[in-house]
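First up is the structure itself, then whatever we jot down about it.
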């Protein structure tokens with residue numbers, strides 16, 4: 382069935398470096414994607430979203446890139462900070478009612 | 080703070096028991112979603128309500144049920160609890176249904192002993 386998955390379960394970067402978290406999706410009909418950040422003991426927090434009529438969208442220190450040709454989504458975080466340590470989920474909108482979440486990538490920032 | 084509230088924060092109970100989890104959506108949001116998150120399953124969609132009516136069902140067990148009340152708060156009822164039901168349960172809300180951004184509450188951690 383359709384699924385949203387992540388290439389890497391863990392990612393470690395040095396503080397101040399840029400990080401890239403990747404996500405693959407399998408449903409070519411999906412047209413809405415969201416990245417969430419989940420810190421330990423907290424609920425997922427909306428970071429940024431993108432619709433399929435765009436290939437790039439920027440927020441504060443974050444950029445989401447969408448490559449529909451290869452069904453790939455990425456989240457770029459610039460100048461990572463200790464507070465960026467968390468699990469990052471991509472989610473895909475399928476149909477009109479629900480999001481499908483990937484398993485998540487744990488991002489660790491090394492001092 | 081997402082504006083979504085959930086109570087209780089923690090719940091410890093025994094197998095075979097029944098519990099109720101409560102969620103208040105963000106002001107103005109009509110849709111409420113329930114998710115289960117366990118270590119090996121990630122975020123699993125359970126059920127969605129929109130303005131008091133069930134809109135979509137996911138992997139929700141028959142032992143689980145939910146409802147959304149006229150004031151738009153929602154309750155998730157879990158009965159005949161099993162050890163495997165131990166998980167974090169999140170509520171999310173959105174303005175409408177479909178492709179609106181969902182905002183998550185802090186979750187309820189359920190431990191079944």
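Protein chains in written order, with the working numbering: chain R, 382 to 492; chain C, 80 to 192.
Even for Gly, the Cβ is constructed at its ideal location relative to N, Cα and C.
Figure out for me which residue from R:451, R:467 and R:395 has the closest Cα to the Cα of residue 491 (chain R). Against the first chain, residue 491 (chain R) aligns to sequence position 110. Measuring from the Cα of residue 491 (chain R), the nearest candidate turns out to be R:395.
Residue 134 (chain C) and residue 110 (chain C) closer than 9 Å at C-beta: On the second chain, residue 134 (chain C) is found 55 positions in, with the first residue counted as 1. On the second chain, residue 110 (chain C) is found 31 positions in, with the first residue counted as 1. Yes, these two residues count as a Cβ contact at 9 Å.
Would you kindly check if the distance between the Cβ of residue 168 (chain C) and the Cβ of residue 187 (chain C) is under 9 Å? Residue numbering aside, residue 187 (chain C) sits at position 108 when the second chain is read from its first letter. Residue numbering aside, residue 168 (chain C) sits at position 89 when the second chain is read from its first letter. A contact, by the Cβ cut-off of 9 Å.
Counting C-beta neighbours from all protein chains within 10 Å, is the total for residue 91 (chain C) 16 or more, i.e. buried, or is it exposed? The residue you call residue 91 (chain C) lines up with position 12 of the second chain. When all chains shown are included, residue 91 (chain C) counts as exposed.
CB contact below 9 Å: residue 388 (chain R) versus chain C: Within the first chain, residue 388 (chain R) is the residue found at index 7, counting from 1. Low confidence applies to residue 388 (chain R): its pLDDT is 44, below 50, so where it sits in the model is not reliable, and the reading given next is rough at best. Chain C, which has no Cβ nearer than 9 Å to the Cβ of residue 388 (chain R), makes this no.
Assign residue 401 (chain R) to buried or exposed, taking buried as 16 or more other Cβ atoms, counted over all protein chains shown, within 10 Å of its Cβ. To locate residue 401 (chain R), count along the first chain from 1; it is residue 20. So residue 401 (chain R) ends up on the exposed side.
Can you tell me which of the three DSSP states residue 447 (chain R) falls into? The residue labelled residue 447 (chain R) in the question sits at position 66 within the first chain. Three-state DSSP puts residue 447 (chain R) in a strand.
Contact set between residue 423 (chain R) and chain C, taken where Cβ atoms lie within less than 8 Å: Residue mapping note: residue 423 (chain R) aligns to position 42 of the first chain, counting from 1. Going along chain C in sequence order, the residues near residue 423 (chain R) (Cβ under 8 Å) are 185 and 186.
Alpha-carbon spacing of residue 472 (chain R) relative to residue 438 (chain R), whole angstroms: Here the question's residue 472 (chain R) lines up with position 91 in the first chain. Here the question's residue 438 (chain R) lines up with position 57 in the first chain. Using only the alpha carbons, I get a separation of about 16 Å.
How should residue 86 (chain C) be labelled, buried or exposed, when 16 other C-beta atoms within 10 angstroms of its C-beta is the threshold for buried? Sequence index remark: in the second chain, residue 86 (chain C) carries index 7 (1-based). Exposed, by the Cβ-count rule.
Residue 430 (chain R): contacting residues in chain C (beta-carbon distance under 8 Å): By one-based count along the first chain, residue 430 (chain R) stands at place 49. Within chain C, the residues near residue 430 (chain R) are 180.
Residue-level contact to chain R via CB, residue 81 (chain C), 9 Å cutoff: Working through the second chain from its first residue, we reach residue 81 (chain C) at position 2. Chain R, which has a Cβ nearer than 9 Å to the Cβ of residue 81 (chain C), makes this yes.
For the beta strand (DSSP E) containing residue 169 (chain C), name the first residue and the last one. For this step, residue 169 (chain C) is matched to residue 90 along the second chain. Where residue 169 (chain C) is concerned, the enclosing beta strand (DSSP E) stretches over 166–173.
Check whether the Cβ of residue 464 (chain R) lies closer than 9 Å to any Cβ atom in chain C. In the first chain, counting from the first residue as 1, residue 464 (chain R) sits at position 83. Not an interface residue.
9 Å Cβ cutoff met for residue 456 (chain R) and residue 444 (chain R): Walking along the first chain from the start, residue 456 (chain R) turns up at place 75. Walking along the first chain from the start, residue 444 (chain R) turns up at place 63. Contact: yes.
Exposure of residue 93 (chain C), with buried meaning 16 or more beta-carbon neighbours within 10 Å: Translated into positions along the second chain, residue 93 (chain C) becomes position 14. With fewer than 16 other Cβ atoms within 10 Å, it is exposed.
Residue 424 (chain R) beta carbon less than 9 Å from that of residue 171 (chain C): Taking the first residue of the second chain as 1, we reach residue 171 (chain C) at position 92. Taking the first residue of the first chain as 1, we reach residue 424 (chain R) at position 43. Yes, these two residues count as a Cβ contact at 9 Å.
Does chain R have any CB closer than 9 Å to the CB of residue 155 (chain C)? Along the second chain, one-based indexing puts residue 155 (chain C) at 76. No - not a single Cβ of chain R is within 9 Å of the one on residue 155 (chain C).
Just mark residue 430 (chain R) as buried or exposed, buried being the case when its beta carbon has 16 or more other beta carbons within 10 Å. Here the question's residue 430 (chain R) lines up with position 49 in the first chain. Answer is buried; the Cβ neighbour count reaches 16.
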